[in-house]
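Below: the structure, in structure tokens.
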Amino acid sequence: MKYFLFVLLFSFVLHAQVVVPTTIDEQIISYTFNENFGQAIKLSQEQINKTPNSPKYYYYMINVKILEYYQKVAELSQEKRDEGRKTLNGEIIKYCEGVVDKFEDASLNTENKFYFSTIYGYLARVYGVDGSWWSAFRAGLKAKRLSEEVIKANPNFYDAYLVVGMLNYYADRMSGITSFIAGALGFSGDRERGLTQLRLAYEKGSLTFGLAAQTLIEVYSNLEDNETAAIPIYESFLKKYPANKRTLNAYCLELLSVWDFKKVESIIKSDKENLVSEFVLARFYDMRGESDLAIKFAEEAIADEKHQPRGAANSSRYIAVYNAWLKGDIARVKKYLPKLNERSLENFNLAKKYERESKWLHGLTIQIAQGKSLPEFEEYAKTAPSFVNAKELSDQFNYLMGSYYYKNSSYDKAETWFRKSLSSINEREKNAAIKHLLEIYLRSTVDKSKAKYLADIIDELDNNRLSYRARDLEKKYNL
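Take 123 as the starting number for the sequence shown in our numbering and just add one per residue.
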């Protein structure tokens, strides 16, 4: 009897064991997520040559190729981006299809089935980028089935939850023709379940931490406008992979959006490898009111446009024009003014039209960015000009006032100012105010009628990010 129990226990331990990456695996993962793609590809290929009948290092190779693809696309000029994206994506599709064909009929153990399922997940992703939705969903369904087989065989194989989590989450976000095709194939999504599964892979996975973290960053930052959830994941990822320039700069921009200038300043001061982009530096010094440095880094960002985040060059031109205008540098204004995009030109013309009010608001921005104390901030706020004839600037004033109080956790005061922004004629400021109100209502408990009013406003908007975040509000207040 004791022997029988021992066998049962030993079988359970084997069944529940977690796959631990080897030293070589760790090196490949480190090179990959620290964006040393050349070394990651070299090591992966060496291991493929040694073990050609295992999908393991093909899995690592495809992961590198996809991350390298995003870097290459970002560096393409605007006029070459669409053509370049299609060419580069086609190369990855061809590679993935070759790997899938190689292992399609192979007999795979649980670990290798995990690698193969994730390769199918990668293939679904690149088909989607290519716009081949039928192929994408068919590959996705195969990835889901294989991952579920891995989980059934070993529920503690937490890395396998990454693929099913991605598929559940993204399937819930689809609309139009993609939703129709997914439905035809029996592909249904579940946002909450998908997020739970993604977090399980992120928190407990031994192989997929980097990819799970980057997926959650994309979800929270880009799809749900939820910086509160995204920032801790940025931090845990960068603690492990500090040389990932793309993620570091996205993190800095996220911090600037929530006015956490102390963290950004610390990153800038400790940046020995020059990883912080010129655009981030321009934004930082612009908001801090240091015009000379703002102009300097804005011009460097413009000169090195292809290595900046998308849209950074346009924003940098506006930073250069606006700060040159503040300094009375007319020559520099004339240099960049003709190259401003339509929205930036409208903003600059508005600033010139209401010069006194605009410059005062710039000062209010500096107050927040420099972390002024409550008495200092409120003393400055008392000097506010009348915005009665400048509705657009009045909306900026309401938003900035709300931002200061929100940053300092004075949620009652923040709510008062953000509610004024709900009638803003500026869509971006209105959506930003709604996003902050959502967060306030989720962090604290307010009267149900307030939550219902906000949910109704969101329901009338054409904004998927806010709509998906509103689900959490509806759940909390049983709306």
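C-beta: ideal position from N, C-alpha, C; glycine also. Quick caveat: nothing in here was measured; it's all calculated off a predicted structure.
Residues near residue i in its chain [Cβ-Cβ closer than 7 Å; skip 5 each side]
i, result
"residue 179", "166, 169, 170, 173"
"residue 374", "386, 389, 398, 402"
"residue 133", "Per-residue confidence for residue 133 stands at a pLDDT of 37, beneath the threshold of 50, marking its modelled position as unreliable; no derived number is given."
"residue 527", "535, 536, 539"
"residue 194", "210"
"residue 577", "592, 595, 596, 601"
Secondary structure of residue i, DSSP reduced to three states
i, result
"residue 341", "helix"
"residue 247", "helix"
"residue 447", "helix"
"residue 173", "coil"
"residue 272", "helix"
"residue 330", "coil"
"residue 571", "helix"
"residue 411", "coil"
"residue 306", "The predicted model places residue 306 with a pLDDT of 48, which falls under 50 and marks its position as unreliable, so this point remains unresolved."
"residue 97", "Because the chain here runs from 123 to 601, residue 97 falls outside it and cannot be looked at."
"residue 394", "coil"
"residue 532", "coil"
"residue 581", "helix"
"residue 384", "helix"
"residue 290", "helix"
"residue 354", "helix"
"residue 363", "coil"
"residue 257", "helix"
"residue 239", "helix"
"residue 602", "No answer is possible for residue 602: it lies beyond the span of the chain, which begins at 123 and ends at 601."
"residue 267", "helix"
"residue 556", "helix"
"residue 371", "helix"
"residue 547", "coil"
"residue 234", "helix"
"residue 198", "coil"
"residue 593", "helix"
"residue 186", "helix"
"residue 423", "helix"
"residue 205", "helix"
"residue 564", "helix"
Assigned exposure category for residue i - 16 Cβ within 10 Å defines buried
i, result
"residue 492", "exposed"
"residue 277", "exposed"
"residue 281", "buried"
"residue 423", "buried"
"residue 510", "exposed"
"residue 250", "buried"
"residue 497", "exposed"
"residue 490", "buried"
"residue 573", "buried"
"residue 123", "Caution is warranted here: a pLDDT of 42 is assigned to residue 123, below 50, making its placement in the model unreliable, and the coordinate value is therefore given only provisionally. The residue is exposed, with fewer than 16 neighbouring Cβ atoms inside 10 Å."
"residue 508", "exposed"
"residue 302", "For residue 302, the predicted model reports a pLDDT of 46, less than 50, meaning its position is unreliable; a value from the coordinates is still stated below. Per the 10 Å Cβ criterion, exposed."
"residue 140", "exposed"
"residue 240", "buried"
"residue 425", "exposed"
"residue 354", "exposed"
"residue 147", "buried"
"residue 273", "buried"
"residue 227", "exposed"
6 Å Cβ shell around residue i - same chain, five flanking residues per side excluded
i, result
"residue 150", "162, 165, 166, 182"
"residue 377", "385, 386"
"residue 347", "557, 587"
"residue 351", "342"
"residue 381", "490, 529"
"residue 130", "Residue placement at residue 130 cannot be trusted, given a pLDDT of 37 that sits under 50; what the coordinates show is reported in the next sentence. Counting only Cβ-Cβ distances below 6 Å, and skipping sequence neighbours, we find nothing."
"residue 153", "161, 162"
"residue 441", "404, 408, 416, 420"
Sequence-distant residues of the same chain with beta carbon closer than 8 Å to residue i, five excluded per side
i, result
"residue 443", "454, 455, 458, 459, 462, 466, 470"
"residue 581", "589, 592"
"residue 295", "311, 313, 345, 586, 590"
"residue 483", "515, 518, 519, 522"
"residue 143", "151, 328, 329"
"residue 369", "336, 339, 356, 359, 360, 363"
"residue 90", "A question about residue 90 goes unanswered here, because the residues of the chain that appear run from 123 up to 601."
"residue 533", "527, 562, 565, 566"
Residue i CB to nearest heavy atom of the ligand FAD below 6 Å
i, result
"residue 239", "This structure does not include the ligand FAD; it has no bound ligands of any sort."
Those runs of the alpha helix (DSSP H) which lie wholly inside the stretch 434–512 and span at least 4 residues: Complete alpha helix (DSSP H) runs here, min 4: 434–449, 452–458, 464–475, 477–491, 496–503.
Runs of alpha helix (DSSP H) wholly within the stretch 145–169 (minimum 4 residues, chain order): Those alpha helix (DSSP H) runs which fall completely within the stretch 145–169 and span 4+ residues are 145–155.
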